[in-house]
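Just below is one structure, and these are the notes that go with it.
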Amino acid sequence: MPLPTEKNVYCVIRSPHKYKDSREHFEMRTHKRLIDIIDPTPKAVDSLMRLDLPADVNIEIKL
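Using our numbering, you'd call the opening residue of the sequence shown number 980 and step up by one each time.
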């Protein structure tokens, strides 16, 4: 089930000294998902705990 996406926008001045009107916007989005497993088996829980994920992907397991 998809949850709301969190969006952070950062505004940075392009020039190091002047020209304050010239700005650049950066955006970082955090996508969240909820997976509800009804009656999980010990094998399913173990496979989720050992799941190999990229460095920027986090997982939280609540039993």
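For glycine and all other residues, C-beta sits at the position ideal for the given N, C-alpha and C.
- Secondary structure of M1028 (DSSP, three-state): helix.
- Boundaries of the beta strand (DSSP E) harbouring N987: E985 to I992, taken from the DSSP string.
- Counted as a single uninterrupted DSSP element, the beta strand (DSSP E) harbouring H1004 occupies residues R1002 to T1009.
- In this structure the stretch 1000-1012 lies against the stretch 982-991, because at least three pairs of beta carbons, one per stretch, are closer than 8 Å.
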